[in-house]
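Residue 39 is where the sequence shown starts when you use the working numbering, and the numbers rise one by one after that.
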Amino acid sequence: MDCWAGLFLIGFSFLGAAFRKQIVQLKSQGLSAAFFPNLLFVVLAICGFILIYQGWKRENKAPLPRFIWRKLCPWFALLAVYSFAFENIGFLVATVAFMLVSMLLLGERRVIMLGTIPLVSSFGIYYLFSKVFMIAMP
């Protein structure tokens, strides 16, 4: 299974690298707009090769847990609701609610984790993008 996931990551990174060539490169900038996507696709390909190596190296493979569709399908529906709520109620409220419901849906029941992870990560991401990267967030 790791080998297939690794092949998927490598294929996705090559596909992404092919599409990133559409990004217009400006001569006046030190780093082009394509630098970060290039970096991500290289890291994805490296992770894919690591997964393939680990899949071949592991002798006693533990059986994978059964794929639980009854948890995944509602999560995708929640993701669709989040994408619409994101524009209407804003990043912070939508992301905190999405993360909280996702954690509940996927089985997390510890109150401390349910209270801290959605808040800290949502506010941290908001601060990072709005203050550090200076990108306007909804």
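Cβ coordinates follow ideal geometry from the N, Cα and C atoms, glycine included. Everything numeric in this text was worked out from a predicted model, so none of it was measured.
Per DSSP, Leu77 is one residue of the alpha helix (DSSP H) stretching across 73-95. Setting aside the 5 residues that flank it on each side, Phe79 is surrounded in the same chain by Ser51, Gly54, Ala55, each with a C-beta closer than 6 Å to its C-beta; the list follows chain order.
Where Lys109 is concerned, the enclosing alpha helix (DSSP H) starts and stops at 107-127. Shown here for Gln92: same chain residues with a beta carbon closer than 7 Å to its own, the five before and five after excluded, namely Asp40 in chain order. The beta carbon of Cys85 is closer than 6 Å to those of Leu47 in its chain, skipping five residues each way along the sequence.
Of Phe136, Asn76, Trp94, Leu110, the smallest CA-CA separation from Leu45 is found for Trp94. Pairwise C-beta distances place the region 122-129 out of contact with the region 142-151, as fewer than three of them are shorter than 8 Å.
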